[in-house]
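Read through the structure below, which is laid out as structure tokens, and then see the notes.
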Amino acid sequence: MNALIKNLGVIVIILGALALILPSFLGFISNTTLAIGGVLLFTGLILHVILTRKATDL
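Once you know that position 25 of the sequence shown is 42 in our numbering, the rest is easy, because the numbers rise by one and skip nothing.
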């Protein structure tokens, strides 16, 4: 479980990248899909920084 929590930020970043990549290949690019992908990337980055800092503090 700790490994999943430690890698949660990276998983969210990958989901954000997929949310940006898949619509471009499938041909339905819209502002909504771009916003969702951007929010997931930003959230994943913040989660990764926070969770990595907590893991090193322990």
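Ideal placement from N, C-alpha and C gives every residue a C-beta, glycine not left out.
A straight line joining the alpha-carbon of K23 with that of L64 spans about 9 Å. Around the beta carbon of L57, a 10 Å sphere encloses 16 or more other beta carbons of the protein chains shown; the residue is thus reported as buried.
Taking 8 Å as the cut-off, the Cβ atoms of V29 and T60 count as close.
With a threshold of 16 other beta carbon atoms within 10 Å, G33 meets it and is buried.
Here DSSP, grouped into helix, strand and coil, assigns F42 to helix.
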